[in-house]
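Novice: Structure provided below as structure tokens; questions to follow.
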Amino acid sequence: ALAQLFEAQKLDTIGHLTGGVAHDFNNLLMAVLGSLSLLKKRLPADERSERLVTNAIQAAERGTALTQRLLAFARRQELKPQAVDFLRLFENIEDLLAKAVGPRVEIRKCIPADLAPLLVDSNQLELALLNLFVNARDALESGGAVTVAAAAEEARPTGLAGGNYIKISVSDDGEGMDEATVLRAAEPFFTTKGIGKGTGLGLSMVHGLAAQSGGSIQISSTRGKGTTVSLWLPVAESFTRAQAAAVPTAAEPVK
Ligand code: ADP
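Numbering (my numbering), first residue to last: 818 to 1072.
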């Protein structure tokens, strides 16, 4: 299951990256195609010129077909925000996360049961947590603890819109990062883990999820002490807790 999740995560990240590029590329190719067909009409009627333009048009058409396929692939990766009960979500993947960090890393959690539901894509949030836990494991070569905490917090980073947010943080007491690394950590493809080990896409995926969900991410780290990655995610105001749960219970009727 872990390998499948990593595979899904790679596809997701590639999907988000290709989506933007494919879109721009498609527009450029449309302009090329338009100009070529105008050119074709103005050309002197010799066979050779016509063949050259026809070849160019066909190549551009193959290009647009390809970008359409890329766009269709990227669209499948679009976020589906829904009301999410974070405690439930975390408990659902806790075994998987424990497997990801291994036996030498203790998992601690501090998630109140009455936390307001989040408005976020639950699959993506699971992948984000997996990324953060894998990073914690890598920072905890000789073991230690990773703590996940969630709380409604008044204090929040600047730039967030009004409304209520939940702060989710994943902390480890591992090797930490120096300042220069913290600044670059969320850049796509930035990694200090060496070829074949890190992709440099973990934190950029987490950052992308936060941004696309209307939230924010903050990374704080001290070399030799540990790292905390905090995610602010919006509260699903219009949903009741019962609706956030997949199956409403009799004790908690849908209002
Ligand atoms: P990757 O894990 O593939 O390198 P990430 O984007 O997840 O990609 O992380 C980028 C870099 O940020 C890592 O290579 C590492 O240097 C640093 N980093 C991320 N999380 C942690 C952490 N919990 N502790 C120490 N360093 C970290």
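From the three backbone atoms N, C-alpha and C, an ideal C-beta is built for every residue, glycine too. Computed from a prediction, not measured in an experiment: that's the story for all the values here.
Can you grab the Cα-Cα spacing for the pair Ser959 / Val918, in whole Å?
Specialist: Position 142 of the sequence shown, counted from the first residue, corresponds to residue 959. Position 101 of the sequence shown, counted from the first residue, corresponds to residue 918. Approximately 12 Å between the Cα atoms of the pair.
Novice: Helix, strand or coil, according to DSSP, for Glu970 in the structure here?
Specialist: Counting from 1 along the sequence shown, the entry for residue 970 is found at position 153. If DSSP states are grouped into helix, strand and coil, Glu970 belongs with coil.
Novice: Just curious, the alpha helix (DSSP H) that Lys916 is in, first and last residue?
Specialist: If you number the sequence shown from 1, residue 916 lands on position 99. From DSSP, the alpha helix (DSSP H) with Lys916 extends over Phe903 to Val918.
Novice: Under 8 Å Cβ to Cβ from Thr881, same chain only, skipping five residues before and after it: list those, please.
Specialist: Here residue 881 corresponds to residue number 64 of the sequence shown, with the count starting at 1. Closer than 8 Å at the Cβ level, and outside the excluded window around Thr881, lie Asn843, Leu846, Met847 and Leu850.
Novice: What residue range is occupied by the uninterrupted beta strand (DSSP E) comprising Glu923?
Specialist: For the purposes of this step, residue 923 is identified with residue 106 of the sequence shown, where counting begins at 1. Its beta strand (DSSP E) spans residues Val922 to Cys927.
Novice: Ends of the alpha helix (DSSP H) at Thr975?
Specialist: Against the sequence shown, residue 975 aligns to sequence position 158. Where Thr975 is concerned, there is no enclosing alpha helix (DSSP H), given that its DSSP letter is neither H nor E.
Novice: Check each candidate in Arg1040, Gly979, Pro934 and Leu904 and name the one with the smallest Cα separation from Val1052.
Specialist: Mapped onto the sequence shown, residue 1052 falls at position 235. Val1052 has its Cα closest to that of Pro934, out of Arg1040, Gly979, Pro934 and Leu904.
Novice: CA-CA distance, Lys1072 and Lys1014?
Specialist: To locate residue 1072, count along the sequence shown from 1; it is residue 255. To locate residue 1014, count along the sequence shown from 1; it is residue 197. With a pLDDT of only 38 at Lys1072, under 50, the local geometry of the prediction cannot be trusted, and no value is derived from it.
Novice: With a Cβ-Cβ cutoff of 9 Å, do Asp989 and Ala962 count as a contact?
Specialist: As a position in the sequence shown, residue 989 is number 172, starting the count at 1. As a position in the sequence shown, residue 962 is number 145, starting the count at 1. Yes, the Cβ-Cβ distance between Asp989 and Ala962 is below 9 Å.
Novice: From the DSSP output, in three-state form, read off Asp989 for me.
Specialist: For this step, residue 989 is matched to residue 172 along the sequence shown. In this structure, Asp989 counts as strand in the three-state DSSP scheme.
Novice: Where Pro920 and Ala876 are concerned, what is the direct C-alpha to C-alpha distance, given to the nearest angstrom?
Specialist: Residue mapping note: residue 920 aligns to position 103 of the sequence shown, counting from 1. Residue mapping note: residue 876 aligns to position 59 of the sequence shown, counting from 1. Taking the straight line from one Cα to the other gives about 55 Å.
Novice: Contact check, Ser1021 vs Val937 under 8 Å by CB: the rounded distance?
Specialist: Here residue 1021 corresponds to residue number 204 of the sequence shown, with the count starting at 1. Here residue 937 corresponds to residue number 120 of the sequence shown, with the count starting at 1. Between Ser1021 and Val937 a beta carbon distance of about 17 Å is seen, past the 8 Å cut, so the two are scored as non-contacting.
Novice: For ligand 1, I want to know if Phe1007 counts as a neighbour, meaning its beta carbon is within less than 8 Å of at least one of the ligand's heavy atoms.
Specialist: Residue numbering aside, residue 1007 sits at position 190 when the sequence shown is read from its first letter. For ligand 1, at least one heavy atom lies less than 8 Å from the Cβ of Phe1007.
Novice: What would DSSP say about Ser1030, mapped onto helix, strand or coil?
Specialist: Here the question's residue 1030 lines up with position 213 in the sequence shown. Correct three-state label for Ser1030: coil.
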